[in-house]
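S.K.: Just dropping this structure here.
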Amino acid sequence: MEKINGNAAVKFFARKDIPLEMHKVRIVQSLKLVPVERRLEAIRSAGFNTFLLGTEDIFLDMLTDSGTNAMSDNQISKMFVADDAYAGSQSFKKLEKSVLEVFGKKYILPVHQGRAAENIISKAFIKEGSLVPMNYHFTTTLAHIQINGGKIAELFRSEAMKIKSTDPFKGNIDPEKLEKFILESGPENIPFIRMEASTNLIGGQPFSLKNMKEIRKIADKYGLMLVLDASLIGENAYFIVNREEEYKGQTIHSVLLSMCDLADIVYFSARKVTSSRGGAICTNSDELYNKMKHLVPLYEGFLTYGGISIREIEAMAQGLLETIDEDIVKQSPLFIDYMVRELDKLGIPVVMPGGALGCHVDATQFVAHVPQSQYQAAALVSAYYIAAGVRGMERGTMSSTRDENGNDIFSEMELMRLALPRRVFTLSQVEYAIDRLNWLYHNRKLIGGLRFVEEPPVLRFFTGRLEPVNEWPEKLVEAFRKDFGESL
Ligand code: F0G
């Protein structure tokens with residue numbers, strides 16, 4: 040070691056991996072952490088379904104980023120100057136302007152949220168026997184396609200299902216599989232190809248711009264339409280400019296424009312993309328616009344408010360402009376990346392590389408001793424809530440459906456999703472979430488399975504109720520008390 044004036048000089052290495060927040064927090068909401076005994080009571084009365092918990096019993100709400108991202112000061116201030124009108128509002132004009140600037144689309148049909156866009160697109164284009172190839176489904180997308188008589192085909196590459204991978208674009212569609220599927224099914228039975236940006240259910244994994252260009256080429260070859268689910272488009276564009284050699288150093292805005300230009304229809308949940316409310320369907324085609332336009336006043340509201348308040352139209356218009364600001368868009372992916380790498384260091388199985396939306400813990404490995412028929416991911420989500428007061432979301436077989444014979448269709452992945460909504464949590468809260476998960480991992484053998492006691496016929500994960508197969512939740516609380524003493 041070098042000596043300066045007789046003292047050992049310490050070589051200083053600046054850390055480059057601190058996920059810095061490029062914002063300050065000026066409005067806050069208080070949180071409470073209820074004791075572990077209360078958490079057990081709460082999850083029991085919620086039917087071991089975290090959707091049915093009340094926020095009074097939740098410390099960190101990592102259920103979703105939908106409608107829970109922090110809004111900006113600019114978004115909130117715009118809400119005060121909304122031009123309230125049933126028809127012809129000037130606020131809607133601002134939204135049109137934002138969509139043209141950010142997505143390069145001249146028509147916009149506002150709707151009350153993302154699934155309402157899926158309802159309208161499905162009503163307009165899906166009929167009995169329709170087949171929709173895609174990278175991966177989202178729960179509400181699948182339900183809308185099925186309810187209109189269609190089926191889906193998920194044409195991902197095998198890498199997409201690998202939990203720990205270094206593949207930067209696990210959300211890609213396999214072009215060979217797609218072409219084979221089109222030839223076998225007949226292009227006349229395919230109303231559109233769907234690409235979901237930052238593919239939600241496989242861990243928020245993006246697709247590359249190169250892949251989207253290849254899929255567009257195939258769509259053109261067979262005269263097919265390409266529909267982009269842009270609910271997490273900002274993050275997907277961020278991953279492209281950071282992970283795809285050809286686009287490194289480009290702006291998020293230019294990548295967004297290229298992505299949208301490749302799609303005939305772009306739809307999104309504004310609850311995610313702009314951290315406000317609402318959703319929209321955008322296109323440049325007169326024909327497509329006219330095919331969907333009449334459905335908006337029927338299901339949503341007039342064409343200039345789409346079922347949400349004009350204040351929310353203002354927040355959406357401003358939020359869209361913020362989607363091209365890399366400092367804003369990267370905040371959640373950076374925190375996710377940090378959390379994923381820390382959990383991996385502890386040997387906890389998580390989807391890698393880190394994607395958008397949240398950190399995804401692999402329940403298949405975490406609770407390998409619980410059979411898949413006893414809803415591994417749902418069991419882990421309940422156990423984690425008991426251990427930490429953190430609300431995650433089940434993304435596995437409980438979020439799936441049953442086949443014609445009433446058997447569970449097992450999900451390819453059993454994930455516990457811990458969402459990191461944009462600009463909501465601090466790094467110490469993330470550290471707490473990691474620490475409690477580490478404790479649970481060391482006590483994972485205590486976690487047991489669940490079974491349904493009340494099962495709705497569609498989207499059962501929202502309101503279904505379950506019960507533990509034995510007394511495992513009580514044993515978990517006992518172990519918690521032994522290790523944590525009096526603390527919560
Ligand atoms: N598409 C994707 C990719 C989504 O992630 C969502 C919602 C929707 C469509 C539907 O939008 O909720 O506004 O009706 N995802 C939320 C989530 C619910 O928690 O992942 P919505």
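Here my numbering is used: the first residue of the sequence shown is 40, the next is one more, and so on. Where a beta carbon is used, it is the ideal one built from N, C-alpha and C, also for glycine. Note that the structure is a prediction, hence the values are computed from the model and not measured.
How long is the line joining the alpha carbons of Ile147 and Glu215, rounded to whole angstroms?
M.R.: In the sequence shown, the residue the question calls residue 147 occupies position 108. In the sequence shown, the residue the question calls residue 215 occupies position 176. Between Ile147 and Glu215, the C-alpha separation is close to 33 Å.
S.K.: Could you spell out where the beta strand (DSSP E) holding Ser308 opens and where it closes?
M.R.: The residue given as residue 308 occupies position 269 in the sequence shown. Counting along the chain, the beta strand (DSSP E) containing Ser308 begins and ends at 304-308.
S.K.: Quick check: the Cα distance between Lys162 and Ser293, rounded to an integer number of angstroms?
M.R.: Within the sequence shown, numbered from 1, the residue matching residue 162 stands at position 123. Within the sequence shown, numbered from 1, the residue matching residue 293 stands at position 254. Using only the alpha carbons, I get a separation of about 32 Å.
S.K.: What beta strand (DSSP E) runs, 3 residues minimum, are completely inside the segment 111-175?
M.R.: Those beta strand (DSSP E) runs which fall completely within the segment 111-175 and span 3+ residues are 146-150, 170-173.
S.K.: Tell me whether the segment 127-144 and the segment 328-340 touch, counting them as touching only if at least three CB pairs, one residue from each stretch, are closer than 8 Å.
M.R.: Because the criterion of three Cβ pairs below 8 Å is not met, the segment 127-144 and the segment 328-340 do not touch.
S.K.: Answer yes if the segment 429-446 comes into contact with the segment 508-522, meaning at least three C-beta pairs across the two stretches below 8 Å, and no otherwise.
M.R.: Output reads no: the segment 429-446 does not touch the segment 508-522.
S.K.: Kindly indicate which residue of Ile473, Asp325, Ala426, Gln415 has the alpha-carbon position closest to the one of Phe449.
M.R.: On the sequence shown, residue 449 is found 410 positions in, with the first residue counted as 1. It is Gln415.
S.K.: In chain order, what are the residue ranges of uninterrupted alpha helix (DSSP H) at least 4 long that sit wholly in the segment 228-288?
M.R.: Within the segment 228-288, the complete alpha helix (DSSP H) runs of at least 4 residues are 248-260, 272-282.
S.K.: Please classify Ser412 as buried or exposed, where buried requires at least 16 other C-beta atoms within 10 Å of its C-beta.
M.R.: As a first step, residue 412 is located in the sequence shown; it is residue number 373 there, counting from the start. With fewer than 16 other Cβ atoms within 10 Å, it is exposed.
S.K.: Examine ligand 1 and report whether any of its heavy atoms sits within less than 6 Å of the Cβ of Arg154.
M.R.: The residue you call residue 154 lines up with position 115 of the sequence shown. Yes - ligand 1 has a heavy atom lying nearer than 6 Å to the Cβ of Arg154.
S.K.: Taking the straight line between their C-alpha atoms, what separation do you get for Leu527 and His408?
M.R.: Translated into positions along the sequence shown, residue 527 becomes position 488. Translated into positions along the sequence shown, residue 408 becomes position 369. Approximately 28 Å, taken between the alpha carbons.
S.K.: Consider the C-beta atom of Arg233 and the heavy atoms of ligand 1; say whether any pair is separated by less than 6 Å.
M.R.: As a position in the sequence shown, residue 233 is number 194, starting the count at 1. It does not: the Cβ of Arg233 is nowhere closer than 6 Å to a heavy atom of ligand 1.
S.K.: Say yes only if the C-beta of Phe268 is nearer than 6 Å to one or more non-hydrogen atoms of ligand 1, and no if none qualify.
M.R.: Locating residue 268 in the sequence shown gives position 229, counting from the first residue. The sequence as given places Asp at residue 268; Phe does not occur at that position. Flag set: Cβ of Asp268 near ligand 1.
S.K.: For Asp56 and Arg380, I'd like the C-alpha separation in whole angstroms.
M.R.: In the sequence shown, counting from the first residue as 1, residue 56 sits at position 17. In the sequence shown, counting from the first residue as 1, residue 380 sits at position 341. Approximately 11 Å, taken between the alpha carbons.
S.K.: Compute every distance between the C-beta of Asn239 and the non-hydrogen atoms of ligand 1, then say whether any falls below 6 Å.
M.R.: Within the sequence shown, residue 239 is the residue found at index 200, counting from 1. Yes, ligand 1 has a heavy atom inside 6 Å of this Cβ.
S.K.: Take Ala427 and list the residues in its own chain whose beta-carbon comes closer than 6 Å to its own, dropping the five residues that flank it on each side.
M.R.: Along the sequence shown, one-based indexing puts residue 427 at 388. Around Ala427: Arg475.
S.K.: For Ser418, which of helix, strand or coil comes out of DSSP?
M.R.: Position 379 of the sequence shown holds residue 418. The residue asked about is misnamed: residue 418 is Ala in this sequence, not Ser. In this structure, Ala418 counts as helix in the three-state DSSP scheme.
S.K.: Looking only at its chain, what residues have a beta carbon closer than 7 Å to the beta carbon of Gly143, apart from the 5 residues adjacent to it on each side?
M.R.: Your numbering for residue 143 matches position 104 in the sequence shown. So the list reads Leu296, Cys299, Asp300, once near-sequence residues are dropped.
S.K.: Below 8 Å on the Cβ atoms is my guess for Pro172 versus Phe220; work out the distance and round it to an integer in Å.
M.R.: Position 133 of the sequence shown, counted from the start, is the residue given in the question as residue 172. Position 181 of the sequence shown, counted from the start, is the residue given in the question as residue 220. Contact holds; Cβ gap of about 5 Å.
S.K.: Run through DSSP, which three-state label would Val368 get?
M.R.: Position 329 of the sequence shown, counting from 1, holds the residue named residue 368. Three-state result, Val368: helix.
S.K.: Looking at Ser105 and ligand 1, is the gap between the Cβ and the nearest heavy atom below 6 Å?
M.R.: On the sequence shown, position 66 is the one that residue 105 refers to. Under cutoff, so the answer is yes.
S.K.: Note down the Cα distance separating Thr238 from Lys50, rounded to an integer number of angstroms.
M.R.: Along the sequence shown, read from residue 1 onward, the residue named residue 238 stands at position 199. Along the sequence shown, read from residue 1 onward, the residue named residue 50 stands at position 11. Taking the straight line from one Cα to the other gives about 43 Å.
S.K.: With DSSP run on the structure shown, which of helix, strand or coil describes Leu489?
M.R.: Here residue 489 is taken as the residue at index 450 of the sequence shown, counted from 1. If DSSP states are grouped into helix, strand and coil, Leu489 belongs with the strands.
S.K.: Pull up the CB-CB distance for Arg520 and Val75, whole angstroms please, since I reckon it's below 8 Å.
M.R.: Against the sequence shown, residue 520 aligns to sequence position 481. Against the sequence shown, residue 75 aligns to sequence position 36. The Cβ separation is near 7 Å, so the contact holds.
S.K.: Distance cutoff 7 Å, beta carbons only. Does Tyr424 sit that close to anything in chain D?
M.R.: This model lacks chain D altogether, as it is built from one protein chain only.
S.K.: Shorter than 6 Å, the distance from the beta carbon of Phe519 to the closest heavy atom of ligand 1, or not?
M.R.: For the purposes of this step, residue 519 is identified with residue 480 of the sequence shown, where counting begins at 1. No, ligand 1 has no heavy atom inside 6 Å of this Cβ.
S.K.: Give the single residue among Gly242, Ile232, Leu170 whose Cα lies nearest to the Cα of Glu253.
M.R.: As a first step, residue 253 must be located in the sequence shown, where it is residue number 214. Of the candidates Gly242, Ile232, Leu170, the one whose C-alpha sits nearest the C-alpha of Glu253 is Ile232.
S.K.: Among the candidates Gly168, Glu60, Ile82, whose CA atom is the shortest distance from the CA of Ser467?
M.R.: Indexing the sequence shown from 1 puts residue 467 at position 428. Nearest option by C-alpha distance: Glu60.
S.K.: By the three-class DSSP mapping on this structure, what secondary structure does His399 have?
M.R.: Indexing the sequence shown from 1 puts residue 399 at position 360. The answer is strand: DSSP assigns His399 an E or B state.
S.K.: Run the proximity test for Thr179: is its beta-carbon closer than 6 Å to any non-hydrogen atom belonging to ligand 1?
M.R.: If you number the sequence shown from 1, residue 179 lands on position 140. Flag set: Cβ of Thr179 near ligand 1.
S.K.: Could you please give the first and the last residue of the uninterrupted beta strand (DSSP E) stretch that includes Gly318?
M.R.: Walking along the sequence shown from the start, residue 318 turns up at place 279. 318-322 is the extent of the beta strand (DSSP E) around Gly318.
S.K.: Below 7 Å CB to CB, which residues in the same chain sit around Met452 once its five sequence neighbours on both sides are set aside?
M.R.: The residue labelled residue 452 in the question sits at position 413 within the sequence shown. So the qualifying residues of the chain are Met200, Ile241, Gly435.
S.K.: Measuring CB atoms only, is the segment 459-466 touching the segment 475-486, in the sense that at least three cross pairs come out at less than 8 Å?
M.R.: Taking 8 Å as the limit for Cβ pairs, the verdict is that the segment 475-486 does not touch the segment 459-466.
S.K.: Tell me the DSSP secondary structure of Met331 in three-state form.
M.R.: To locate residue 331, count along the sequence shown from 1; it is residue 292. The answer is helix: DSSP assigns Met331 an H, G or I state.
S.K.: Opposite Phe195 in the DSSP bridges: which residues?
M.R.: Position 156 of the sequence shown, counting from 1, holds the residue named residue 195. In the DSSP output, where bridge partners are listed per residue, Phe195 has Ile212.
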